[in-house]
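Enquirer:
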Amino acid sequence: HKGSFRALLDEAEVDEVVDCQVRAVCECGAPVLAEGRVLRHQVFEVPPLKARVEEYRLHGGRCSGCGRRHRAVLPAGVPTGQLGPRALALIGTLATRYQMSQHKIRELLADVMGLRFSIGAVSQAHGLVGAALKAPVDEAVRSLAAAPLKHMDETSYGREGQRSHWVWALVQPRLAVFSVLPSRARYVIHSLLGAQPRGIVSSDRYAGYAHIPAGQRQLCWAHLLRDFRRIAERQGAPGVVGRWLLATGHVLFRWRQQGRAPQEFAPLQRRLRQTLQRGVAQTACRRTAATCAELLKWWPSLWTFLRCPEVAPTNNDAERALRAVVVKRKISGPTRSKRGDEFLSRGFTAHESCRRQNRDLLQYLVSAVTAWISKLTPPSLLPQPAG
Numbered sequence: 048h049k050g051s052f053r054a055l056l057d058e059a060e061v062d063e064v065v066d067c068q069v070r071a072v073c074e075c076g077a078p079v080l081a082e083g084r085v086l087r088h089q090v091f092e093v094p095p096l097k098a099r100v101e102e103y104r105l106h107g108g109r110c111s112g113c114g115r116r117h118r119a120v121l122p123a124g125v126p127t128g129q130l131g132p133r134a135l136a137l138i139g140t141l142a143t144r145y146q147m148s149q150h151k152i153r154e155l156l157a158d159v160m161g162l163r164f165s166i167g168a169v170s171q172a173h174g175l176v177g178a179a180l181k182a183p184v185d186e187a188v189r190s191l192a193a194a195p196l197k198h199m200d201e202t203s204y205g206r207e208g209q210r211s212h213w214v215w216a217l218v219q220p221r222l223a224v225f226s227v228l229p230s231r232a233r234y235v236i237h238s239l240l241g242a243q244p245r246g247i248v249s250s251d252r253y254a255g256y257a258h259i260p261a262g263q264r265q266l267c268w269a270h271l272l273r274d275f276r277r278i279a280e281r282q283g284a285p286g287v288v289g290r291w292l293l294a295t296g297h298v299l300f301r302w303r304q305q306g307r308a309p310q311e312f313a314p315l316q317r318r319l320r321q322t323l324q325r326g327v328a329q330t331a332c333r334r335t336a337a338t339c340a341e342l343l344k345w346w347p348s349l350w351t352f353l354r355c356p357e358v359a360p361t362n363n364d365a366e367r368a369l370r371a372v373v374v375k376r377k378i379s380g381p382t383r384s385k386r387g388d389e390f391l392s393r394g395f396t397a398h399e400s401c402r403r404q405n406r407d408l409l410q411y412l413v414s415a416v417t418a419w420i421s422k423l424t425p426p427s428l429l430p431q432p433a434g
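Residue numbers (my numbering): 48 to 434.
#1: Could you check how far apart the C-beta atoms of D200 and N362 are, in whole angstroms? I think they sit under 8 Å.
#2: Quick one: any contact between the region 278-290 and the region 222-237, if contact means 3 or more CB pairs under 8 Å?
#3: From what residue to what residue does the alpha helix (DSSP H) around F225 run?
#4: Compare the beta carbon distance of R325 and V288 with 8 Å and say whether it is the shorter of the two.
#5: Could you tell me if P432 is buried or exposed, where buried requires 16 or more neighbouring beta carbons within 10 angstroms of its beta carbon?
#6: Quick one: residues in its chain with C-beta nearer than 8 Å to the C-beta of V358, no 5 flanking neighbours on either side, listed in chain order?
#7: Going along the chain, which unbroken runs of the beta strand (DSSP E) with 3 or more residues stay wholly within the region 241-316?
#8: Inspect the beta-carbon positions of T322 and L299 and report whether they are closer than 8 Å.
#9: In whole angstroms, give me the CA-to-CA distance for Q146 and V214.
#10: Whole angstroms are fine: how far does the CA of K385 sit from the CA of L141?
#11: By the 10 Å Cβ neighbour count, where 16 or more other Cβ atoms means buried, how is S14 classified, buried or exposed?
#12: Along the alpha helix (DSSP H) that carries K197, what are the first and last residues, could you check?
#13: Measuring CB to CB, does T202 end up less than 8 Å from V374?
#14: Have a look at S270 and G131 and give me their C-alpha separation to the nearest angstrom.
#15: Cα separation between N405 and Q219?
#16: Rounded C-beta distance between A368 and E399? I'm assuming under 8 Å.
#17: Go ahead and label S226 buried or exposed: buried means 16 or more other beta carbons lie within 10 angstroms of its beta carbon, across all protein chains shown.
#18: Give a yes or no on whether the C-beta atoms belonging to L180 and A397 are separated by under 8 Å.
#19: Check the C-beta distance from P314 over to Y204 and give it rounded, since I have them as a contact under 8 Å.
#20: Within 10 angstroms of the Cβ of A134, are there 16 or more other Cβ atoms? Answer buried if so, exposed if not.
#21: What ranges does the beta strand (DSSP E) occupy inside the region 360-395, keeping only unbroken runs of at least 3 residues that lie completely in it?
#22: Tell me the rounded alpha-carbon separation between R153 and I166.
#23: Buried or exposed, going by whether 16 or more other CB atoms sit within 10 Å of the CB of L240?
#24: Look up Q219 in the DSSP assignment and give the residues it is bridged to.
#25: Can you name the residues that DSSP bridges to H117?
#26: So which of V65, R189, R318 has the shortest CA-CA distance to R245?
#27: Could you spell out the range, first to last residue, of the alpha helix (DSSP H) harbouring H88?
#28: Am I right that P285 and A331 are in contact with their C-beta atoms under 8 Å? What's the rounded C-beta distance?
#29: Counting only the same chain and skipping the five closest in sequence on each side, list residues whose C-beta sits under 7 Å from that of I259.
#30: So which of I236, G114, V61 has the shortest CA-CA distance to G255?
#31: Apart from the five residues on each side of it in sequence, which residues of its chain come closer than 6 Å, Cβ to Cβ, to T143?
#32: Between the alpha carbons of E341 and W268, how many angstroms are there, rounded?
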């Protein structure tokens, strides 16, 4: 294969240039004359990292008239804690984008920067970052609730020694919001989407979404294929129905990949309806009959992607967004406090939204924390208009 090499930086971007001269005398004893082009070799090195420590001395005084005591205040933008905005933002970035546990973050700060803080200090930093992100995340939740199309999914995220909590994801192509909530009940969906959701919601078949009208839902065909595969593994008539359903699902994805027009799916729809009716009519397996009856009930929700070209037939966007949270749970374990819940949901909201918008997460967190400390309007997480 043809070699691939890193492009050299422009000379204006180089910090130091060292000229290495050719030897003056050859081995034979004759002088060496300079000729030919100069070869450029660039070495990238990381300088020693050391935290910058600033000390603020707050002088005091007493009024010569009334005797009232006075104390100087910190300048605007200076936190009352020991960690500055960039340090807080770095800790938030390491915990979300790089999915590091609090112990690993503490070790990294100590080994690389000489910053030695306790686990409690790292946890408090998470809480401060979560507080700084509250307003931008609330704005993002309101925006997504009113969006014309969103993907929604949830996964378990338990607390040690307590009942399970759930991480909910509400996703658009350029914006994602996570919420850690103590239930999987319908009222949680109401809190995120409203009692009467607007727009189209892509989801799995979970009964909590049953209040959403069929015309406003898109059932995930990736989940349906897994259901069909389970039915196909059963014996007798249910297995035959399952294999027909599974084959129909595979044809749907193939036709979708081929870019067929919506009206061309009519024969596939007729075949699927007939197969589901056969599944309802068979008496060998009640679970198969119930699944087929439910899909017939939600028939319009199977085909929203044909009516609305911007809708995908799967809920993969929400599932992929949740994957980073699942990895974080496996690395760090469950959250143990409300502060941990808030940082997890708001931190990953910032991380995933910045990733989808090609924004620098660290720089965004620096801006958000600085604005929060200074009591200024925080930067928005909503997608910025081009230009």
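C-beta: ideal position from N, C-alpha, C; glycine also.
Expert: The answer reads as follows:
#1: 6 Å
#2: no
#3: Segment 222-228 is the beta strand (DSSP E) holding F225; no alpha helix (DSSP H) there.
#4: yes
#5: exposed
#6: L196, I247, S249, Q265, T351, F352
#7: 247-250, 264-266
#8: no
#9: 16 Å
#10: 20 Å
#11: A question about residue 14 goes unanswered here, because the residues of the chain that appear run from 48 up to 434.
#12: Counting along the chain, K197 falls outside any alpha helix (DSSP H), though it belongs to the beta strand (DSSP E) covering 196-203.
#13: no
#14: The sequence shown places His at residue 270, not Ser. One C-alpha to the other measures close to 45 Å.
#15: 14 Å
#16: 5 Å
#17: buried
#18: yes
#19: The Cβ separation is near 43 Å, so there is no contact.
#20: buried
#21: none
#22: 7 Å
#23: buried
#24: L222
#25: G108
#26: R189
#27: Counting along the chain, H88 falls outside any alpha helix (DSSP H), and DSSP gives it neither H nor E.
#28: 6 Å
#29: P244, V248
#30: I236
#31: G394, F395, H398
#32: 14 Å
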